[in-house]
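Numbering (the working numbering), first residue to last: 215 to 363.
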């Protein structure tokens with residue numbers, strides 16, 4: 215289930231980490247999430263720049279430091295990351311996955327709490343981070359942060 219990045223994505227380097235990002239994958243996942251929400255009568259989520267920054271930061275951390283959990287390698291938690299990015303709304307959720315966009319959706323459908331987050335009617339905004347590192351255990355790492363009032 216390890217995701218592969220498209221060949222056209224340009225590699226980036228930060229510290230000793232070589233990675234790529236894929237905006238097309240990110241948009242595909244947002245579309246899949248909004249489609250699932252629509253199927254149960256919930257409105258689509260709006261992309262939020264602060265949530266996107268927090269999600270990207272965590273995906274980059276996971277890919278570059280080869281781990282998969284909600285706490286960051288620096289001990290940060292979701293609330294820390296979204297506050298640091300400037301997001302002020304009090305209600306937020308974070309879900310993680312690996313692989314391609316459809317892999318992420320399939321993983322969340324299996325986990326009741328994750329699927330509840332995808333369909334949550336209290337959230338109105340979304341930020342998605344996807345980072346692929348061929349040197350990590352899982353390849354592509356997803357962080358989705360959703361927020362609302």
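Note that beta-carbon positions come from the ideal geometry of N, C-alpha and C, so glycine has one too.
Three-state class that DSSP yields for residue 240 in the structure shown: helix
Classification of residue 225 by the beta-carbon crowding that lies within 10 angstroms, buried from 16 upward: It is exposed - the Cβ of residue 225 has fewer than 16 other Cβ atoms within 10 Å.
Of the listed residues 230, 348, 349 and 315, nearest to residue 240 (C-alpha basis): Just measuring C-alpha positions, the residue of 230, 348, 349 and 315 sitting nearest residue 240 is 315.
Distance between beta carbons of residue 341 and residue 269, contact taken as under 8 Å: 4 Å
Residue 360 - containing beta strand (DSSP E), residue span: 354-362
Helix, strand or coil at residue 222 [DSSP, three-state]: Any answer about residue 222 is weak, because its pLDDT of 43 lies below 50 and its placement is not dependable; what the coordinates show is given next. In the structure shown, residue 222 sits in coil (DSSP, three-state: anything other than H, G, I, E or B).
Which listed residue (287, 336 and 277) has its alpha carbon closest to that of residue 347: 277
Boundaries (first-last residue) of the beta strand (DSSP E) holding residue 264: No beta strand (DSSP E) holds residue 264; the alpha helix (DSSP H) holding it covers 263-279.
Bridge partner(s) assigned by DSSP for residue 228: 231
Residues of its chain near residue 263, where Cβ-Cβ distance is below 7 Å and the 5 sequence neighbours each way are ignored: none
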